[in-house]
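> Next up is a structure, given as structure tokens.
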Amino acid sequence: MRFRHERTSRSPVTAATIAASVLWATAGHAACPQELAIYSEREKSASIEFRSAPAGAAVHTMEFRTVFSQNDVVLDGVVLWTQGTPRPVGLAMHRCPEGDVTGEELAACTIWQGVLYAVGSEGEVALLPGVGENAAEQILLPDFGPAVRESRIFGADGVSIVPWDVFQLSGCQE
């Protein structure tokens, strides 16, 4: 990487502060495990926060919350790894009943279901990293936006801005 030396009105302290902030943010994201990653979509209308599944969770390895910037709408999600050829399948749900639920009840509260993909800086696509692995730079939830648009959470009292399907790593929980 080459830098040109130009005279600017910026002070050296400001330039050093900016450089340190960029390095800190890059290093912080690179060391973040997937289960602590926070993502934002480009319009800032929604964010996704991952966390480990509770101890003793029988079926899923991670959980996530999708928080929309409008009307306090929150989706609760889980990441399940399929049998056979392992693939991370995500389910994003809104106000599901507690405890044991029937398939019909689960279907009624599921807003989006699909494979979660990681997208690297060069555009390479892979499966979502597992627990303990470095967080993906971006995640792709295929057809997430259209699923939100066609769901019961879309409308005047819910979400009126359709999110994109790609979310960029924006932070790491401690």
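Going left to right, the sequence shown walks through residues -30 to -1, 1 to 144 as mature numbering (1 follows the signal peptide of the UniProt record, and there is no 0) numbers them.
Glycine included, each C-beta is placed from N, C-alpha and C at the ideal position.
#1: Quick check on this structure: which residue in R21, F137, T36, G93 has the alpha carbon closest to the alpha carbon of I81?
#2: Nearest-angstrom Cα distance between P112 and S121?
#3: Taking 7 Å as the limit between beta carbons, can you name the residues of its chain near Y9, skipping five residues before and five after?
#4: Mind pulling the beta strand (DSSP E) runs of 3 or more residues that sit fully within the stretch 67 to 112?
#5: Could you compute how far the alpha carbon of A77 sits from the alpha carbon of A28?
#6: State the Cα-Cα distance for the pair V101 and F20, rounded to the nearest angstrom.
#7: Expressed to the nearest angstrom, what Euclidean distance is found between the alpha-carbon atoms of I131 and Q83?
#8: For E13, does the three-state DSSP call read helix, strand or coil?
#9: Can you list, in chain order, the residues of its chain with a C-beta nearer than 8 Å to that of A88? Leave out the 5 residues immediately preceding and following it.
#10: Do you know offhand how far E144's Cα is from L6's?
#11: At what residues does the beta strand (DSSP E) containing P58 begin and finish?
#12: With 16 other CB atoms within 10 Å as the buried threshold, where does D135 fall?
#13: In terms of residue numbering, what span does the alpha helix (DSSP H) encompassing F137 cover?
#14: I need the DSSP call for R119, collapsed to helix, strand or coil.
#15: What do you reckon, are the CB atoms on V44 and T31 nearer than 9 Å?
#16: Quick check on the DSSP output: the beta strand (DSSP E) that includes F124 runs from which residue to which?
According to the structure shown:
#1: Looking at the Cα atoms, T36 is the closest of the given residues.
#2: Between the C-alpha atoms of P112 and S121 there is a straight-line separation of about 15 Å.
#3: Cβ neighbours of Y9 beyond the five flanking positions: S17, I18, I109, F137, Q138, L139, S140.
#4: The qualifying runs are 80 to 85, 87 to 89, 95 to 97, 108 to 110.
#5: Those two C-alpha atoms are separated by around 20 Å.
#6: Cα to Cα, V101 sits roughly 10 Å from F20.
#7: Inter-residue distance for I131 and Q83 is about 19 Å (C-alpha atoms, whole angstroms).
#8: DSSP places E13 in coil when its eight states are reduced to three.
#9: V95, A96, L97, L98, P99, A106, E107, Q108, I109, L110, listed in sequence order.
#10: Cα-Cα distance, rounded: 7 Å.
#11: P58 -> beta strand (DSSP E) spans 58 to 63.
#12: Residue burial is scored here from C-beta neighbours: D135 has at least 16 other C-beta atoms within 10 angstroms and is therefore classed as buried.
#13: First-last for F137: 136 to 142, but that is the beta strand (DSSP E), not the alpha helix (DSSP H).
#14: DSSP places R119 within a helical segment (H, G or I) once states are collapsed to three.
#15: Taking 9 Å as the Cβ cut-off, V44 and T31 do not qualify as a contacting pair.
#16: That residue, F124, is in no beta strand (DSSP E); it is neither H nor E in DSSP.
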